[in-house]
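Structure first, then comments.
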Amino acid sequence: MRLGHDPHTCGGVGAARFLEGLVQIVVPETITAVVNTGDDFELHGLYIAPDLDIVTCTLAGLIDQVQGWGIVGDTAECMEWLGKLGGPTWFKLGDRDLALHIRRTALLRSGWTLSAVADSFRQSLGVTIRILPMSDTPVPTHIITSVGEMHFEEYFVQRRAADEVLAVRSVGIAEARPAPGVLEAIVEAEAILLAPSNPIVSIGPIIGIPGVRAALRETSAPIVAVSPIVGGAAIKGPAVPLMRASGVEPTALGIAGHYADFLDVLVIDTVDAALAPAIEALGVRAVVTDTIMHGAAEKAALARVALAAARAVGSGCIADIVDCSPHAGSVICSPRTKWILTRSSIDDTFIPIE
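Position one of the sequence shown corresponds to residue 3 (my numbering), numbered consecutively onward.
Structure, rendered in structure tokens:
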């Protein structure tokens, strides 16, 4: 299965980790990452794009793996001086981080689009996958809380997600348009993978851009998502309160229902295996595996599972549940399962069960 123009919709840390796995098993030049920009905001007079930067810097091998964000080995002298001068320091920016934001802001003010800036940065940093912002139009995510409305970064970082969430809105999304190449990537894709990212503030803004969700419904490419919810909890971040405020059940089943109008397969963790029949009742195939990405091997394994599921949909051979657990001899399946995924070789193979 050729993966030319394979789009991967993503946002944040979970997406960056998933992409780290994907580039281990797929030729990077065949991947297109469509990245959330709802987190983008201005601070210190600079345009900051958290998700674009974490995806780009992670794939460039520059991310601080210990804290999960920021550039490894970065210093914070500028932030220290900003604090001394009375400036806001709640959003930590390393000195190298600031170079990205200064350059991005200058280019945007000179007339560049965000798409052009993102492409320039990924080339400068040696990243070979194609990285597209979801839109060149600002679509900031606002959180409506019990203490007022605020930008997502203010809610999440400055206020540490401590406020009761009442609603979530993407400001200006009705007037926004997909960035050049986004719709084409979906239409021309041979597989579409949704990262284990927050469905409300990471994937939600992307598929909320006019035309994107319709394109996902109409594409002939198999669409596979990885659930970011394991055992009713988020792996990282405030997904649970944001999902509840948006009327989405914070479970793998809720994820399936949220994407059911376009999704073919949902990859869920082994702890959620009991939800597989209910997920399949929605018309979404369930794939059960270990979804926690601790290291490079787990990242590659999860990406391989998602890709294999997409291949199975494309070939018409996927049945009720496909088990892709990396543990030897581990098989989880429903009574009607016809295919399981083996790891007997580098290339995953579906074999029939008589």
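Quick reminder that beta carbons are idealized off the backbone N, C-alpha and C, glycines included.
Asked	Found
Quick one: residues in its chain with C-beta nearer than 8 Å to the C-beta of arginine 215, no 5 flanking neighbours on either side, listed in chain order?	Ile209, Asp263 and Phe264
Pick out the complete alpha helix (DSSP H) segments inside the segment 92-128, 4 residues or longer, and give them in chain order.	97-111 and 116-126
Please report how far the alpha carbon of glutamine 160 lies from the alpha carbon of glutamate 44, in whole angstroms.	14 Å
Between the alpha carbons of glutamate 190 and valine 290, how many angstroms are there, rounded?	28 Å
Between the beta-carbon of proline 207 and the beta-carbon of glycine 40, is there less than 8 Å?	yes
How far does the beta strand (DSSP E) with arginine 287 in it extend, from its first residue to its last?	287-291
Classify leucine 168 as helix, strand or coil using the three-state DSSP reduction.	strand
Who are the near neighbours of threonine 115 in its chain, counting only those whose CB is closer than 6 Å to its CB and skipping five residues on each side?	Asp138
Could you work out which residue in Arg313, Ile175, Pro182 and Ile281 is closest to threonine 143 when comparing CA atoms only?	Ile175
With respect to the alpha helix (DSSP H) encompassing threonine 60, which residues constitute its N-terminal and C-terminal limits?	52-61
For methionine 136, does the three-state DSSP call read helix, strand or coil?	coil
Isoleucine 211 and methionine 152 - do their beta-carbons sit closer together than 8 Å?	no
When you compare the segment 161-168 with the segment 54-67, are there three or more beta-carbon pairs, one atom per stretch, that lie closer than 8 Å?	no
So leucine 24 is in the alpha helix (DSSP H); what residue range does that whole segment cover?	14-27
Are valine 365 and aspartate 266 closer than 8 Å when you measure CB to CB?	An answer regarding residue 365 cannot be provided, because it is not within the stretch 3 to 356 covered by the chain.
By Cβ distance below 8 Å, which residues in the same chain neighbour glycine 259 in space, the five residues on each side in sequence not counted?	Val250, Glu251 and Leu284
Going by beta carbon distance, what residues of the same chain come within less than 6 Å of isoleucine 194, once the five residues before and after it are set aside?	Pro9, Ala223 and Ile225
Is the distance from the Cβ of valine 228 to the Cβ of alanine 197 below 8 Å?	yes
Span of the alpha helix (DSSP H) holding valine 189?	184-190
Could you tell me which of Gly72, Phe158 and Leu304 sits nearest to leucine 95, measuring between CA atoms?	Gly72
Can you tell me whether leucine 21 is buried or exposed, with buried defined as 16 or more other CB within 10 angstroms of its CB?	buried
Check this for me: beta carbons of valine 173 and valine 36, under 8 Å apart or not?	no
Going by DSSP in three states, aspartate 271 sits in which element: helix, strand or coil?	strand
Look at the Cβ atom of leucine 134, then the Cβ atom of alanine 178, and state whether they are nearer than 8 Å.	no
Considering just the uninterrupted stretch of the alpha helix (DSSP H) at glycine 256, what are its terminal residues?	254-261
With asparagine 200 and glycine 239 assumed to form a contact (beta carbons below 8 Å), what rounded beta-carbon distance in angstroms separates them?	6 Å
Counting C-beta neighbours from all protein chains within 10 Å, is the total for serine 126 16 or more, i.e. buried, or is it exposed?	exposed
For threonine 130, is the classification buried or exposed, using 16 other Cβ atoms within 10 angstroms of its Cβ as the cut-off for buried?	exposed
With distances taken between CB atoms, is the gap from aspartate 53 to leucine 102 smaller than 8 Å?	no
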